[in-house]
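The block underneath contains the structure these notes are about, expressed in structure tokens.
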Amino acid sequence: MTVRTKLSLTFGGLSVLVLFVAGLAMKSLAEEHDQFVDYVHGVNARAQAAADVRASVDRRAIAARNLVLVRKAEDLAAEQNSVVAAHEAVQANLGTLNQLVAQAANLPETARSLVAEMNRIEAAYGPVALEIVRLAAAGQHDAAIARMNADCRPLLAALVKASDDYRDYTLSRAVQLTETAEADYLLHRNLLILGCVVAFLSAAVSGTLITRSLTRALGAEPGQLGTVAQRVAQGDLSRVDGAADAPRGSVLASLGAMQASLADIVGRVRNSSDCIATGSAQIATGNTDLSQRTEEQASNLQQTAASMEELTATVKQNADTARQATQLAGSASGAAAHGGSVVAEVVATMGAITESSRKIADIIGVIDGIAFQTNILALNAAVEAARAGEQGRGFAVVAGEVRNLAQRSAQAAKEIKTLIEDSVEKVGTGSRLVHDAGQSMNEIVAQVQRVNDLISEISAASVEQSGGISQIGNAVNQLDQVTQQNAALVEESAAAAESLKHQAAALADLVSVFRIEGSMRTTSS
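Residue numbers for the sequence shown follow our numbering, beginning at 3 and rising by one.
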């Protein structure tokens with residue numbers, strides 16, 4: 003159990019005990035206060051009201067007696083007024099008493115029955131008293147005296163007795179309350195004394211136990227522990243006196259263990275700080291060399307990046323030129339194909355012309371035959387005209403003209419036939435030449451298409467080469483950036499190593515403040 007828990011439980015128990023005693027005292031005081039208030043405001047008030055009722059009853063009885071004794075008119079009127087005033091006072095005082103009784107919560111039944119008896123007697127006595135006043139006012143003194151002796155005096159005696167009984171009960175009740183308060187006072191006083199004794203004994207026992215527990219937990223006086231802690235704070239890690247003999251788990255034993263652990267840690271930290279200082283110096287030197295080599299590598303990469311950019315531009319230009327050559331080859335291929343189709347159309351046209359020439363030659367042959375037959379017919383007509391003599395002379399002239407025309411037509415047909423045959427021969431030669439030109443054009447188209455395919459492949463290869471060179475250029479640029487970043491990091495690492503070197507030296511200086519057993523022996527030796 004921790005010290006905090008022990009102290010909390012101990013003082014918590016004492017606090018609960020004190021609160022219990024205080025609560026008991028408050029309860030006692032409250033009860034006594036309530037009893038006193040009840041006595042003052044209850045019993046005393048009701049006793050006073052009962053006394054007022056008794057006094058007003060006495061005044062009314064005296065006034066009624068005087069009323070039947072006096073004979074003068076003015077005395078009679080005065081006594082009559084006194085009786086009426088006393089009667090009203092009796093009613094008022096009795097009403098006050100009834101009200102106090104009704105308001106009392108813990109009023110015994112005896113007190114209530116006594117007050118009820120007073121009310122019952124007054125209910126019978128009041129009308130009798132008023133009747134005596136009426137008889138005396140009417141001058142019937144003998145009747146009034148007789149009524150007083152017969153009815154008023156017994157009722158008055160009973161009312162006085164009831165009032166005295168209530169007064170005696172009230173006084174006995176006051177005595178009873180006083181005795182109860184005295185007994186409660188003695189009881190509560192004894193309880194308070196007992197609570198104080200228990201609290202004192204509990205505090206003494208708890209203090210003794212806590213003192214022993216704290217002494218055992220501390221292992222030494224707080225001042226000695228403070229001295230040890232101050233020595234450790236000042237860097238003195240020499241052996242703690244008495245720590246070996248201190249109870250296990252005590253603060254002094256823990257301080258001794260802490261001193262031994264700190265001494266071991268400080269020794270290790272000293273060795274580590276020396277190693278860190280040496281290693282940081284080597285790291286700083288290596289980082290400086292690495293920074294120089296990294297800067298040289300970054301410069302070489304920048305030159306390589308520039309060369310790759312130039313090569314990329316050249317390859318892009320070649321790709322553009324190959325793309326243009328592909329477009330031109332495509333245009334030439336289209337033109338050659340168009341020329342081939344035109345030559346094919348020319349060949350077809352020459353064939354059609356040859357066929358037409360043959361048909362014309364046939365027609366010329368027909369015309370030549372017709373001219374030959376016409377010439378024969380004209381010759382026959384001339385012979386017949388010669389036979390006719392004079393009569394056929396005109397017909398002979400016509401036949402001669404027709405014969406001449408037929409001869410001329412035959413001659414023209416021969417010439418045309420000769421021309422047509424020559425034209426047909428030339429057209430055949432042209433057709434062969436055009437056919438040969440068509441085959442040559444087809445071969446040209448095929449060659450141009452092949453060249454176009456080769457240029458397309460060259461263009462595609464140039465595009466791929468351009469993309470690859472661009473990627474290589476990007477990679478070189480990224481490598482250049484990474485190299486520059488590495489150079490910056492190497493510089494930062496060199497600065498950090500230099501800072502680490504200084505911090506290691508500072509750490510060694512700080513650790514040198516601590517004094518441990520080994521360092522003290524080394525210093526003394």
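Glycine included, C-beta positions come from ideal geometry on N, C-alpha and C.
Proximity to residue i [Cα-Cα], best of the options
{"i": "A339", "options": "A448, Q326, V385 and I278", "result": "A448"}
{"i": "A398", "options": "A387, I446 and L407", "result": "A387"}
{"i": "A1", "options": "H504, A401, T420 and V429", "result": "As shown, the chain starts at 3 and ends at 527. That puts residue 1 outside it, with no answer to give."}
{"i": "S458", "options": "M443, A383, V92 and T328", "result": "T328"}
{"i": "A507", "options": "N454, I278 and M28", "result": "I278"}
{"i": "N488", "options": "D153, T172, R136 and A300", "result": "A300"}
{"i": "R61", "options": "I285, H89, A231 and I372", "result": "H89"}
{"i": "E119", "options": "S165, A131, L78 and P129", "result": "S165"}
{"i": "D276", "options": "Y127, V23, D511 and L11", "result": "D511"}
{"i": "A79", "options": "N100, R122, R136 and A24", "result": "R136"}
{"i": "V317", "options": "S468, R410 and E392", "result": "S468"}
{"i": "A65", "options": "A337, T213 and A139", "result": "A139"}
{"i": "I422", "options": "R395, T213 and I366", "result": "I366"}
{"i": "V200", "options": "A75, V20, D266 and T376", "result": "V20"}
{"i": "I147", "options": "L71, V162 and R191", "result": "L71"}
{"i": "T296", "options": "I474, Q486, S442 and S495", "result": "Q486"}
{"i": "G15", "options": "Q441, M260 and A206", "result": "A206"}
{"i": "A499", "options": "V23, E181, T287 and E311", "result": "T287"}
{"i": "V253", "options": "T229, E347, G269 and G430", "result": "T229"}
{"i": "V85", "options": "Q101, N100 and I134", "result": "I134"}
{"i": "A308", "options": "Q483, N479, E33 and E493", "result": "N479"}
{"i": "K29", "options": "N406, L189 and R410", "result": "L189"}
{"i": "V234", "options": "T217, P249, S215 and A262", "result": "A262"}
{"i": "F374", "options": "R405, R73 and R360", "result": "R405"}
{"i": "V23", "options": "L196, A337, S501 and V484", "result": "L196"}
Cut-off 7 Å between Cβ atoms - residues of its own chain near residue i, not counting five sequence neighbours on either side
{"i": "N95", "result": "A51, D54, V55 and S58"}
{"i": "L193", "result": "L26"}
{"i": "A401", "result": "A380, A383, A384 and A387"}
{"i": "N454", "result": "T328, A331, G332 and S335"}
{"i": "A324", "result": "I457, I460, S461 and S464"}
{"i": "L161", "result": "V59, M120, I123, E124 and Y127"}
{"i": "A12", "result": "First, the amino acid is wrong: residue 12 is Thr here, not Ala. Here the set comprises S208 and I212."}
Own chain, CB closer than 8 Å to residue i, minus 5 neighbours either side, in chain order
{"i": "S433", "result": "V349, M352, G353 and T356"}
{"i": "L158", "result": "V59, A63 and Y127"}
{"i": "V92", "result": "V55, S58, V59, R62, E124 and G128"}
{"i": "V103", "result": "R48, L109, A113, R114 and V117"}
{"i": "I471", "result": "M310, L313, T314 and V317"}
{"i": "S526", "result": "Note that S526 scores 37 on pLDDT, short of 50, meaning its location in the model is unreliable; the coordinates nonetheless yield the value given after this. Excluding sequence neighbours, S526 sits near nothing in its chain."}
{"i": "T524", "result": "Since pLDDT at T524 reaches only 42, below the 50 mark, its modelled position is unreliable, and no value is offered."}
Three-state class that DSSP yields for residue i in the structure shown
{"i": "A79", "result": "helix"}
{"i": "L481", "result": "helix"}
{"i": "G141", "result": "coil"}
{"i": "R214", "result": "helix"}
{"i": "R270", "result": "helix"}
{"i": "R250", "result": "coil"}
{"i": "R523", "result": "For R523, the predicted structure reports a pLDDT of 42, less than 50, and the residue's modelled location is therefore unreliable. A value from the coordinates is still provided. Three-state result, R523: helix."}
{"i": "T7", "result": "helix"}
Contacting residues, own chain, Cβ-Cβ under 6 Å from residue i (five flanking each side not counted)
{"i": "A176", "result": "V45"}
{"i": "N68", "result": "E81"}
{"i": "D370", "result": "A412 and A415"}
{"i": "L203", "result": "none"}
{"i": "T98", "result": "A51"}
{"i": "T376", "result": "A408"}
beta-carbon residue i near the ligand NAD non-hydrogen atom, thresh 7 Å
{"i": "A439", "result": "This structure simply doesn't include the ligand NAD, nor any ligand for that matter."}
Enumerated in chain order, which unbroken segments of the alpha helix (DSSP H) with a length of 4 residues or greater are wholly contained in the region 150–176? Taking only runs of at least 4 residues, no alpha helix (DSSP H) segment lies wholly in the region 150–176.
Just list the alpha helix (DSSP H) runs in the region 52–130, keeping only unbroken ones of 4 residues or longer that don't cross its boundaries, in chain order. Fully enclosed alpha helix (DSSP H) runs of 4 or longer: 75–105.
Any chance you could list the alpha helix (DSSP H) runs of at least 4 consecutive residues sitting entirely within the region 359–423, in chain order? Entirely contained in the region 359–423, not one alpha helix (DSSP H) run reaches 4 residues.
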